Amino acid sequence: MKKILKIMLAFTLVSPVFQFNQHFSNEAKAQMVTQMVTQMVTNDNSSYFITKEKPSKKETKNKIVFEQDNVSVIATKKKSANPPSDTLIDSVEIINGTQNYTINFTDEFDTINSISISPTQKFLALQAGSLGYNKLYVINLKDGSYELINSMVKSSKPVETVTAYKWSPNGQKLAFSYGDPSLSRIAIYNVFYNTFTYVPRETRTISTAFILWDKKGSFIDYASSEYPSDLYKLFRYSFDTKKNKVVKKLNANELAQMNTLN
Numbered sequence: 002m003k004k005i006l007k008i009m010l011a012f013t014l015v016s017p018v019f020q021f022n023q024h025f026s027n028e029a030k031a032q033m034v035t036q037m038v039t040q041m042v043t044n045d046n047s048s049y050f051i052t053k054e055k056p057s058k059k060e061t062k063n064k065i066v067f068e069q070d071n072v073s074v075i076a077t078k079k080k081s082a083n084p085p086s087d088t089l090i091d092s093v094e095i096i097n098g099t100q101n102y103t104i105n106f107t108d109e110f111d112t113i114n115s116i117s118i119s120p121t122q123k124f125l126a127l128q129a130g131s132l133g134y135n136k137l138y139v140i141n142l143k144d145g146s147y148e149l150i151n152s153m154v155k156s157s158k159p160v161e162t163v164t165a166y167k168w169s170p171n172g173q174k175l176a177f178s179y180g181d182p183s184l185s186r187i188a189i190y191n192v193f194y195n196t197f198t199y200v201p202r203e204t205r206t207i208s209t210a211f212i213l214w215d216k217k218g219s220f221i222d223y224a225s226s227e228y229p230s231d232l233y234k235l236f237r238y239s240f241d242t243k244k245n246k247v248v249k250k251l252n253a254n255e256l257a258q259m260n261t262l263n
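The opening position of the sequence shown corresponds to residue 2 in this note's numbering, with each subsequent residue numbered one higher.
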């Protein structure tokens, strides 16, 4: 940061773009440059791992179909007898090349919100939802076996919902947020070792908008709001230090911009 600041200060002497009004003091000028540099560094999202291939989603009156690479996920809608929802989904068909599996849910859902294939192409994360709660399934694309994250993750009470989730660059870990409408926590599931890493928290967070991995898989950034405020902050958990810290507060524009990277 010091090196960047020196370069920026030098640049202000020769560039008309960064010329300041002569009425500003040297201290004020230095502060303005520091703010600009901080903003430039903060807005640099090039360190994040971004999935190149996004799944496509097509929904009709009778089906919901997701497609990504050679994988298709097909959910057939049934008529629900339980209002207020008129749609019932109790299973999905997964087609992976020449392989075909059917996943029968123990719960009944209104919709399939999203899917995400791991970078290794070996696992599929599937989020199904109904009336304000979401459940996250991790499916082995080789044999069709699956795990329900809501039931596996450690919690003092049943996990009502899993909202945000994101695969690591190596496809071995899945970071996700879990809890209920009044509490949101972060954990990382290792699909190969079937283990969890729980992110420590110093404040009570009530919702999580997104989770991002850096390209090396050394940390995750996530946007969560703290109780009782609905304002979001960007948090960072480092796998090296095992510590969690606040990076910055996020305004609405920053939150929306970073959410597009997810």
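Idealized CB from N, CA, C, for every residue including glycine.
None of the values given here were measured: they were computed from a predicted structure.
Tell me which same chain residues have a C-beta within less than 6 Å of the C-beta of residue i, skipping the five on either side of it?
i, result
"Asp111", "Ser86, Thr88, Ser131"
"Tyr102", "Ile95, Gly145"
"Gln258", "none"
"Glu148", "Val139"
Less than 8 Å between the CB atoms is what I'm expecting for residue i and residue j, so what's the real figure, rounded?
i, j, result
"Tyr166", "Phe177", "4 Å"
"Phe240", "Val192", "About 16 Å separates the two Cβ atoms, so there is no contact after all."
"Leu232", "Lys249", "So it is not a contact: roughly 12 Å between Cβ atoms."
"Tyr135", "Val163", "Inspection of the sequence shows that residue 135 is occupied by Asn rather than by Tyr. Rounded, the Cβ-Cβ distance is 5 Å, consistent with contact."
"Leu175", "Ala126", "6 Å"
With the cut-off set at 9 Å, would you say residue i and residue j are in Cβ contact?
i, j, result
"Pro182", "Lys216", "no"
"Ser198", "Ala188", "Note that residue 198 is Thr in the sequence shown, not Ser. A contact, by the Cβ cut-off of 9 Å."
"Ala129", "Phe106", "yes"
"Ile212", "Asn151", "no"
"Tyr138", "Ser156", "no"
"Pro120", "Thr206", "no"
Residues bridged to residue i by DSSP?
i, result
"Glu60", "Ile65"
"Val163", "Tyr179"
"Ser115", "Gln128"
"Gln100", "Asn97"
"Asp222", "Leu213, Arg237"
"Lys174", "Asn191"
"Ser76", "Reading off the sequence shown, one finds Ala at residue 76, where the question assumed Ser. Looking at the DSSP assignment, Ala76 forms a beta bridge with Ile65."
"Glu227", "Thr206"
"Lys250", "Lys234"
"Thr196", "Asn191"
"Val139", "Ala126, Glu148"
"Ile90", "Phe110"
Report the rounded CA-to-CA distance for residue i versus residue j, giving the unit in angstroms.
i, j, result
"Ala210", "Gly98", "33 Å"
"Ser226", "Ser208", "6 Å"
"Ala253", "Ser57", "27 Å"
"Arg186", "Asn245", "12 Å"
"Arg237", "Pro159", "26 Å"
"Tyr228", "Arg202", "13 Å"
"Ser73", "Asn63", "16 Å"
"Val247", "Gln100", "44 Å"
"Trp168", "Ser92", "23 Å"
"Lys243", "Lys143", "33 Å"
"Glu161", "Val200", "19 Å"
"Leu251", "Ser230", "13 Å"
"Thr261", "Glu68", "20 Å"
"Asp222", "Gly133", "25 Å"
"Ile104", "Pro84", "24 Å"
"Thr39", "Ala224", "Bear in mind that a pLDDT of 42 at Thr39, under 50, signals an unreliable position, so the model cannot answer this."
"Asn46", "Glu255", "11 Å"
Within its chain, find whatever has a CB closer than 8 Å to the CB of residue i; leave out the 5 residues flanking it on each side and keep chain order.
i, result
"Asp70", "Glu54, Ile118, Gln122"
"Ile90", "Ile65, Ala76, Thr77, Lys78, Lys79, Phe106, Glu109, Phe110, Asp111, Thr112, Ile113, Ala129"
"Met303", "Lying outside 2 to 263, the shown extent of the chain, residue 303 is not represented and no answer is given."
"Ser1", "Beyond the ends of the chain as shown, which are 2 and 263, falls residue 1; an answer cannot be given."
"Glu60", "Val66"
Excluding the 5 residues flanking residue i on each side, which residues of the same chain have their C-beta closer than 7 Å to its C-beta?
i, result
"Ser115", "Gln128"
"Phe50", "Pro170, Trp214, Asp215, Lys216"
"Gln173", "Asn191, Val192, Phe193"
"Ser48", "Asp215, Lys216"
Looking at the ligand SAH, does it come within less than 8 Å of residue i, judged from the CB to the closest heavy atom?
i, result
"Ser183", "For the structure depicted, the ligand SAH is absent and the ligand set is empty, with no information on it obtainable."
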